[in-house]
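Single-structure report; data block below.
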Amino acid sequence: MGRGRVELKRIENKINRQVTFSKRRNGLLKKAYELSVLCDAEVALIIFSSRGKLHEFGSVGTSKTLERYQRCCYTPQDPNVANGEAQSWYQEMSKLKVKFESLQRSQRHLLGEDLGPLSVKELQQLERQLESALSQARQRKVTLRLRLRQISFLIPI
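Spelled out as C-alpha coordinates, the structure:
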(Lines of atoms letter the chains of each structure in order from A and count residues from 1; the text may use other names and numbers.)
(Lines give C-alpha, C1' and ligand atoms only; values in the text may rest on other atoms or scores of the structure.)
Protein backbone atom coordinates (compact mmCIF):
# COMPACT_ATOMS: atom_id res chain seq x y z
CA MET A 1 0.00 0.00 0.00
CA GLY A 2 1.24 3.53 -0.85
CA ARG A 3 2.31 6.13 1.65
CA GLY A 4 -0.10 8.85 0.53
CA ARG A 5 0.59 12.29 -0.83
CA VAL A 6 3.67 14.23 0.10
CA GLU A 7 3.23 17.96 0.62
CA LEU A 8 5.12 19.72 -2.15
CA LYS A 9 7.38 22.21 -0.47
CA ARG A 10 11.12 22.63 -0.23
CA ILE A 11 12.79 20.13 2.08
CA GLU A 12 14.66 22.22 4.62
CA ASN A 13 17.04 19.52 5.91
CA LYS A 14 19.97 19.51 3.48
CA ILE A 15 20.76 15.78 3.86
CA ASN A 16 17.12 14.72 3.44
CA ARG A 17 16.85 17.02 0.42
CA GLN A 18 19.93 15.41 -1.19
CA VAL A 19 18.67 11.87 -0.52
CA THR A 20 15.24 12.74 -1.96
CA PHE A 21 16.86 14.35 -5.00
CA SER A 22 18.99 11.26 -5.67
CA LYS A 23 16.05 8.85 -5.34
CA ARG A 24 13.70 10.94 -7.45
CA ARG A 25 16.39 11.63 -10.07
CA ASN A 26 17.02 7.89 -10.41
CA GLY A 27 13.28 7.25 -10.66
CA LEU A 28 12.92 9.92 -13.32
CA LEU A 29 15.87 8.56 -15.31
CA LYS A 30 14.39 5.06 -15.08
CA LYS A 31 10.99 6.30 -16.33
CA ALA A 32 12.65 8.12 -19.24
CA TYR A 33 14.50 4.93 -20.19
CA GLU A 34 11.32 2.84 -19.93
CA LEU A 35 9.40 5.31 -22.09
CA SER A 36 12.07 5.19 -24.77
CA VAL A 37 12.18 1.38 -24.80
CA LEU A 38 8.48 0.57 -24.44
CA CYS A 39 7.18 3.22 -26.83
CA ASP A 40 10.19 3.56 -29.14
CA ALA A 41 10.24 7.26 -28.29
CA GLU A 42 13.16 9.60 -28.63
CA VAL A 43 13.67 10.93 -25.10
CA ALA A 44 16.11 13.46 -23.66
CA LEU A 45 16.21 14.35 -19.99
CA ILE A 46 18.45 17.04 -18.50
CA ILE A 47 18.69 17.63 -14.75
CA PHE A 48 20.86 20.12 -12.89
CA SER A 49 21.18 19.55 -9.16
CA SER A 50 21.12 22.42 -6.68
CA ARG A 51 24.92 22.18 -6.66
CA GLY A 52 24.98 22.62 -10.44
CA LYS A 53 25.90 19.03 -11.29
CA LEU A 54 24.55 17.82 -14.63
CA HIS A 55 22.63 14.54 -14.95
CA GLU A 56 21.28 13.57 -18.35
CA PHE A 57 19.72 10.74 -20.31
CA GLY A 58 19.20 10.50 -24.03
CA SER A 59 17.82 7.50 -25.86
CA VAL A 60 19.77 8.46 -28.99
CA GLY A 61 21.99 11.03 -27.34
CA THR A 62 20.92 14.18 -25.61
CA SER A 63 22.69 16.50 -28.04
CA LYS A 64 21.05 14.86 -31.08
CA THR A 65 17.61 15.15 -29.50
CA LEU A 66 18.25 18.78 -28.57
CA GLU A 67 19.36 19.57 -32.12
CA ARG A 68 16.19 17.95 -33.43
CA TYR A 69 14.13 19.96 -30.94
CA GLN A 70 15.77 23.21 -32.01
CA ARG A 71 15.20 22.46 -35.70
CA CYS A 72 11.58 21.66 -34.98
CA CYS A 73 10.72 24.56 -32.71
CA TYR A 74 13.16 27.38 -33.25
CA THR A 75 13.96 27.47 -36.95
CA PRO A 76 12.26 30.47 -38.46
CA GLN A 77 10.07 29.87 -41.46
CA ASP A 78 11.11 30.94 -44.90
CA PRO A 79 11.35 34.73 -44.55
CA ASN A 80 9.37 35.29 -47.75
CA VAL A 81 6.51 33.09 -46.52
CA ALA A 82 6.55 34.62 -43.05
CA ASN A 83 6.70 38.14 -44.47
CA GLY A 84 3.88 37.43 -46.92
CA GLU A 85 1.76 35.93 -44.18
CA ALA A 86 2.40 38.93 -41.92
CA GLN A 87 1.55 41.28 -44.78
CA SER A 88 -1.70 39.41 -45.40
CA TRP A 89 -2.66 39.64 -41.71
CA TYR A 90 -1.79 43.34 -41.68
CA GLN A 91 -4.00 43.99 -44.72
CA GLU A 92 -6.86 42.03 -43.14
CA MET A 93 -6.45 44.02 -39.92
CA SER A 94 -6.45 47.30 -41.85
CA LYS A 95 -9.66 46.35 -43.68
CA LEU A 96 -11.36 45.36 -40.43
CA LYS A 97 -10.23 48.59 -38.78
CA VAL A 98 -11.73 50.67 -41.61
CA LYS A 99 -14.97 48.66 -41.43
CA PHE A 100 -15.12 49.06 -37.65
CA GLU A 101 -14.65 52.83 -37.90
CA SER A 102 -17.36 53.00 -40.58
CA LEU A 103 -19.78 51.05 -38.39
CA GLN A 104 -19.01 53.31 -35.43
CA ARG A 105 -19.67 56.38 -37.58
CA SER A 106 -22.97 54.88 -38.81
CA GLN A 107 -24.01 54.10 -35.26
CA ARG A 108 -23.28 57.68 -34.17
CA HIS A 109 -25.34 58.98 -37.08
CA LEU A 110 -28.26 56.70 -36.23
CA LEU A 111 -28.12 58.02 -32.67
CA GLY A 112 -28.27 61.59 -33.99
CA GLU A 113 -24.65 62.35 -33.15
CA ASP A 114 -21.92 63.77 -35.39
CA LEU A 115 -24.34 64.84 -38.15
CA GLY A 116 -22.42 68.03 -39.03
CA PRO A 117 -20.17 66.62 -41.77
CA LEU A 118 -23.06 64.86 -43.59
CA SER A 119 -24.30 66.20 -46.92
CA VAL A 120 -28.00 66.73 -47.68
CA LYS A 121 -28.08 63.49 -49.67
CA GLU A 122 -26.50 61.54 -46.79
CA LEU A 123 -28.96 63.10 -44.33
CA GLN A 124 -31.88 62.07 -46.57
CA GLN A 125 -30.55 58.51 -46.71
CA LEU A 126 -30.18 58.49 -42.91
CA GLU A 127 -33.75 59.77 -42.59
CA ARG A 128 -35.01 56.90 -44.79
CA GLN A 129 -33.10 54.38 -42.67
CA LEU A 130 -34.55 55.81 -39.46
CA GLU A 131 -38.09 55.86 -40.90
CA SER A 132 -37.70 52.23 -41.99
CA ALA A 133 -36.44 51.22 -38.55
CA LEU A 134 -39.29 53.12 -36.87
CA SER A 135 -41.82 51.41 -39.16
CA GLN A 136 -40.41 47.98 -38.31
CA ALA A 137 -40.51 48.79 -34.59
CA ARG A 138 -44.16 49.87 -34.86
CA GLN A 139 -45.07 46.69 -36.76
CA ARG A 140 -43.38 44.57 -34.11
CA LYS A 141 -45.24 46.45 -31.36
CA VAL A 142 -48.60 45.82 -33.08
CA THR A 143 -47.76 42.12 -33.51
CA LEU A 144 -46.85 41.76 -29.85
CA ARG A 145 -50.03 43.54 -28.72
CA LEU A 146 -52.16 41.22 -30.89
CA ARG A 147 -50.45 38.15 -29.42
CA LEU A 148 -50.95 39.50 -25.92
CA ARG A 149 -54.67 40.01 -26.57
CA GLN A 150 -54.99 36.47 -27.97
CA ILE A 151 -53.26 35.02 -24.94
CA SER A 152 -55.37 37.05 -22.51
CA PHE A 153 -58.56 35.69 -24.13
CA LEU A 154 -57.29 32.11 -23.82
CA ILE A 155 -56.40 32.33 -20.13
CA PRO A 156 -59.49 32.01 -17.89
CA ILE A 157 -59.65 34.32 -14.90
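The numbers in full-length UniProt numbering rise by one with no breaks, and the one at position 53 of the sequence shown is 53. Idealized CB from N, CA, C, for every residue including glycine. Computed from a prediction, not measured in an experiment: that's the story for all the values here.
Using the rule of at least 16 other Cβ atoms within 10 Å of the residue's Cβ for burial, across every protein chain shown, is L45 buried or exposed? Counting from 1 along the sequence shown, the entry for residue 45 is found at position 45. Classification of L45: buried, given that the 10 Å Cβ count is 16 or more.
Using the Cα positions of R138 and E85, report the straight-line distance between them to the nearest angstrom. Residue numbering aside, residue 138 sits at position 138 when the sequence shown is read from its first letter. Residue numbering aside, residue 85 sits at position 85 when the sequence shown is read from its first letter. The straight-line gap from Cα to Cα measures roughly 49 Å.
Element boundaries [alpha helix (DSSP H), containing C44]: Numbered from 1 along the sequence shown, position 44 holds the residue referred to as residue 44. The displayed chain sequence assigns Ala, not Cys, to residue 44. It is not in any alpha helix (DSSP H) - A44 instead sits in the beta strand (DSSP E) that spans A44 to F48.
Of the listed residues I155, Q18, L28 and R147, nearest to G52 (C-alpha basis): Looking up residue 52 in the sequence shown gives position 52. When only C-alpha atoms are compared, the closest one is Q18.
Taking DSSP as the reference, what is the three-state secondary structure of E12? Counting from 1 along the sequence shown, the entry for residue 12 is found at position 12. Reduced to three states, the DSSP call for E12 is coil.
Range of the contiguous beta strand (DSSP E) that encloses L144: Numbered from 1 along the sequence shown, position 144 holds the residue referred to as residue 144. L144 -> not in any beta strand (DSSP E); alpha helix (DSSP H) instead, spanning V120 to L154.
Could you check what DSSP says for L115 in three-state terms: helix, strand or coil? One-based indexing of the sequence shown puts residue 115 at position 115. Coil at L115, not helix or strand.
Pull up the distance between the alpha-carbon of R128 and that of Q91, whole angstroms please. To locate residue 128, count along the sequence shown from 1; it is residue 128. To locate residue 91, count along the sequence shown from 1; it is residue 91. Each residue's Cα considered, the two are about 34 Å apart.
Output yes or no for whether 8 Å exceeds the beta carbon distance between L123 and L110. Along the sequence shown, read from residue 1 onward, the residue named residue 123 stands at position 123. Along the sequence shown, read from residue 1 onward, the residue named residue 110 stands at position 110. Against a cut-off of 8 Å, the Cβ pair of L110 and L123 comes out as no contact.
With R25 and H55 assumed to form a contact (beta carbons below 8 Å), what rounded beta-carbon distance in angstroms separates them? On the sequence shown, residue 25 is found 25 positions in, with the first residue counted as 1. On the sequence shown, residue 55 is found 55 positions in, with the first residue counted as 1. With a Cβ gap of about 6 Å, R25 and H55 count as contacting.
Give me the Cβ distance between V43 and S49, rounded to the nearest whole Å; I'm assuming they're in contact under 8 Å. Numbered from its first residue, the sequence shown carries residue 43 at position 43. Numbered from its first residue, the sequence shown carries residue 49 at position 49. About 20 Å; that fails the 8 Å criterion.
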